[in-house]
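Here is the structure we will look at, set down as structure tokens.
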Amino acid sequence: MNEAKLQELARKANTIRQHIIRMVGEAKSGHPGGSLSAADIVTTLYFHEMRIRPEEPQWPDRDRFVLSKGHAAPVLYAALAEKGFFPVDELHTLRKINSRLQGHPSMKHLSGVEMSTGSLGQGLSTAVGMALAGKIDRKDFRVYALLGDGEIQEGQIWEAAMAAAHYKLDNLVGILDHNGLQIDGPTCEVMSPEPVADKWQAFGWHVVVIDGHDFKQIISALQEARRVKGKPAMIIANTVKGKGISFMENEVGWHGSAPDAEQVQQALAELQGEVEQNE
Amino acid sequence: MSKIATREAYGRALKKLGHINKDIVVLDADLAKSTKTIDFAREFPDRFFDMGVAEQNMVATAAGLAAAGKIPFVSSFAVFASGRAFEQIRNSVAYPNLNVKIAASHAGISVGEDGASHQSVEDISLMRTIPNMTVIVPADGPETEAAVQAALEIKGPVYIRLGRLAVPVLFGEDYKFELGKAAILKDGNDCTVMACGLMTGVALEAWEILKNEGINIKVINMHTIKPIDREAIIEAAKETGAIVTAEEHSVIGGLGSAVAEVVVENCPVPMERVGLKDTFGESGTPAELLEKYGLTAKDIAAAVKRTIARKK
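Going down the list, the sequences are from chains P and C. First residue of the first sequence? That's 1 in the UniProt record's numbering, and the numbers climb one at a time after it. First residue of the second sequence? That's 1 in the UniProt record's numbering, and the numbers climb one at a time after it.
In structure tokens, the structure reads:
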């Protein structure tokens, strides 16, 4: 992986973070914290890893991405817009009446969204179904599912984990956005999911633990997942909720509240400053 | 009269259609021998997935399969298929309008000895409230086979309610099943009985009883609960001036409610609903249970007479 490519991904992730801040700010509601923690992962998937054709969204051989933690819709919309699935201008319609950008992703509203999600715990199962379909048809597309660490408290996640290992779905990759916070507080205090790596391993998954903000590590984990045969892979990405905005980082309050106009300006200034520093 | 359980007919239909449509995949939650998906599993092992005792994952997995172009039939007992996985059906299947068929067997109290935990008397109500969902309750074996075929022809979610108990075969080779179109089985002008599932056969017995007493009822098999055949209901109300519904389900939210909604909005006439009166069932033989909870031909006949008496 050359430096230029890594720089390019970092710049794209920064742009996506700016979109997240602007769109949630304008909507006056939404989930910035968990969108920002997942921004580097989602950027890597859409701008490095996945085989997709924005001009042909229903291409049968495409890789699929399921945002199981559907409340992080802003990061998905920002990535889809940047990738060319729909005009960037449309991002400002988030959560507004008649918009394709529903508060949580809806596949019937917006092309490029692979599954309607939002009710936690269901996305991984739908990814299992897509991966099974790939196996039945002997196709080589891959399926990626992004989970929240609060989300894995849902029992259905472990039903899906069992099924994916049972059916040896090595075309399925789970990515856990392990930011340690959920609405009511730290996940460890609300209902501890730890030790997460041991749990996925015990369920028969290949597990890789990485820093979810280090592009090199994200890329190499995705490569490692490709090499695994006969079992699904889970990338546990340690992340920071609100990543990139000083006053949002690791603050539980930013799970589901929108920045006001002043906070939007401050956040954008920080993000733009970061771009200048990097260049 | 020969008898066959609608779940048997379902297994038979799946196996037959599996040869014709290669996109069909079947999922079960450790009940393949009971729901009869075992017939399909043996014929097409590569397109059958036992998902274990995990209905929520099964339903959402089916959504993923459908999103990738498959036509999944998911099967379990009606209590679990509709109740345990309700929100998966709502959010992962119906909201994105995915092509998933839910075949729910062992519905109603006629499942018998297993008792209330396994007797689904709320599923029609739960399923018909979900947007995009089609709800079919076949009355016998041949109608079940036709319903499975019809479900395959619609692109979207369908709930098919099936029973454990062998029920009389009412329809012959010439029976024409039309989704969403009520089937008039007997004509009469004193009152209309609209029934679904095994209660359709029971309604025909009630027709016989009443005929001997000089009362002529119209009997309608309302196999599709959603979309309900509004025209047939309005026409029956106008022609006969009285309506009785009969279902092996709670009187709250099921066929009776669906019919009542149309009746009050369009053509108010005296009406009664035969079904479970806001109660759970219990253990017993199917016959004992149908008797105890008021789901016999005598009960329908009595309801008809009471309803006729209320006509102005």
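Backbone N, C-alpha and C fix where the C-beta goes; we use that ideal spot for every residue, glycine too.
- Counting only the same chain and skipping the five closest in sequence on each side, list residues whose C-beta sits under 8 Å from that of C:Leu-126. Ser-82, Gly-83, Phe-86 and Gly-253
- Task: May I ask you to report which of helix, strand or coil DSSP gives C:Glu-248?
- Result: strand
- Task: List the residues that DSSP assigns as beta-bridge partners of P:Val-240.
- Result: Paired residues: none, contrary to the question.
- 7 Å Cβ cut-off: residues of chain D touching P:Ser-119: Of the protein chains in this structure, namely P and C, none is chain D.
- Just tell me which of C:Ser-110, C:His-223, C:Arg-230 and C:Arg-273 has its CA closest to the CA of C:Val-148. C:His-223
- Query: Around the Cβ of C:Cys-268, are there at least 16 other Cβ atoms within 10 angstroms (buried) or fewer (exposed)?
  - Reply: The amino acid at residue 268 of chain C is misidentified as Cys; the sequence shows Pro. Counting Cβ neighbours within 10 Å, C:Pro-268 comes out exposed, since fewer than 16 surround it.
- P:Val-128: contacting residues in chain C (beta-carbon distance under 7 Å): Thr-61 and Gly-64
- Task: Check the C-beta distance from C:Leu-289 over to C:Gly-281 and give it rounded, since I have them as a contact under 8 Å.
- Result: 6 Å
- Item | Any chain C beta carbon closer than 8 Å to P:Leu-76 | no
- Tell me, please, which residues DSSP counts as bridged to C:Cys-191. C:Ile-217
- Which residue comes first and which comes last in the beta strand (DSSP E) that contains C:Met-271? 271-276
- Three-state secondary structure assigned by DSSP to C:Val-262: helix
- So is C:His-19 buried or exposed if we call it buried at 16+ other beta carbons inside 10 Å? exposed
- P:Gln-58 versus P:Asp-198: straight-line alpha-carbon distance, rounded: 37 Å
- Query: Based on Cα-Cα distance, which residue from C:Ala-301, C:Thr-285 and C:Lys-311 lies nearest to C:Val-111?
  - Reply: C:Thr-285
- Span of the beta strand (DSSP E) holding residue 281 of chain P? The structure shown does not extend to residue 281 of chain P, since chain P spans only 1 to 279, so no value can be given for it.
- Message: I want to know whether the stretch 127-134 of chain P touches the stretch 162-170 of chain P - three or more CB-CB distances under 8 Å.
- Response: yes
- Item | Min CB distance P:Gly-134 to chain C below 8 Å | yes
- Query: Three-state secondary structure (DSSP) at C:His-223?
  - Reply: coil
- Message: Classify P:Cys-188: buried if its beta carbon has 16 or more other beta carbons within 10 angstroms, exposed otherwise.
- Response: exposed
- Any idea what DSSP makes of C:Phe-44, helix, strand or coil? coil
- Rounded to whole angstroms, how far is the Cβ of C:Val-135 from the Cβ of C:Arg-128, which I believe are closer than 8 Å? 5 Å
- Mind checking which residues open and close the beta strand (DSSP E) that includes C:Gly-77? Going by the sequence as given, residue 77 of chain C is Phe instead of Gly. Note, C:Phe-77: beta strand (DSSP E), 71-77.
- P:Arg-53 to P:Arg-64, Cα distance in whole Å? 11 Å
- Query: Does the stretch 265-278 of chain P touch the stretch 150-162 of chain C, meaning 3 or more C-beta pairs lie closer than 8 Å?
  - Reply: no
- Query: For the stretch 16-35 of chain P, which residues have a beta carbon sitting closer than 8 Å to at least one beta carbon of chain C?
  - Reply: none
- Message: To the nearest angstrom, how far is the alpha carbon of P:Leu-222 from that of C:Glu-113?
- Response: 53 Å
- CB of P:Gly-148 within 8 Å of CB of P:Met-234, strictly: no
- Message: My output table needs one value for P:Leu-169: the three-state DSSP class, helix, strand or coil.
- Response: coil
- CB contact flag (C:Glu-272, C:Thr-240, <8 Å): no
- Touching by the beta-carbon criterion (3+ pairs, under 8 Å), the stretch 89-96 of chain C and the stretch 173-193 of chain C: no
- Message: Nearest by alpha-carbon distance to C:Leu-276: which of C:Lys-15, C:Ile-154 and C:Glu-248 is it?
- Response: C:Glu-248
- Query: Is C:Ala-85 helix, strand or coil when you go by DSSP?
  - Reply: coil
- Query: Leaving out the 5 sequence neighbours to the left and right, which residues in its chain are closer than 7 Å to C:Asn-99 when beta-carbon positions are compared?
  - Reply: Ala-66, Ile-71, Lys-155 and Gly-156
- What are the start and end residues of the beta strand (DSSP E) that includes P:Leu-146? 143-148
- Item | Close beta carbons around C:Gly-141, own chain, < 6 Å, minus the five adjacent residues each side | Ile-4, Ala-9 and Val-169
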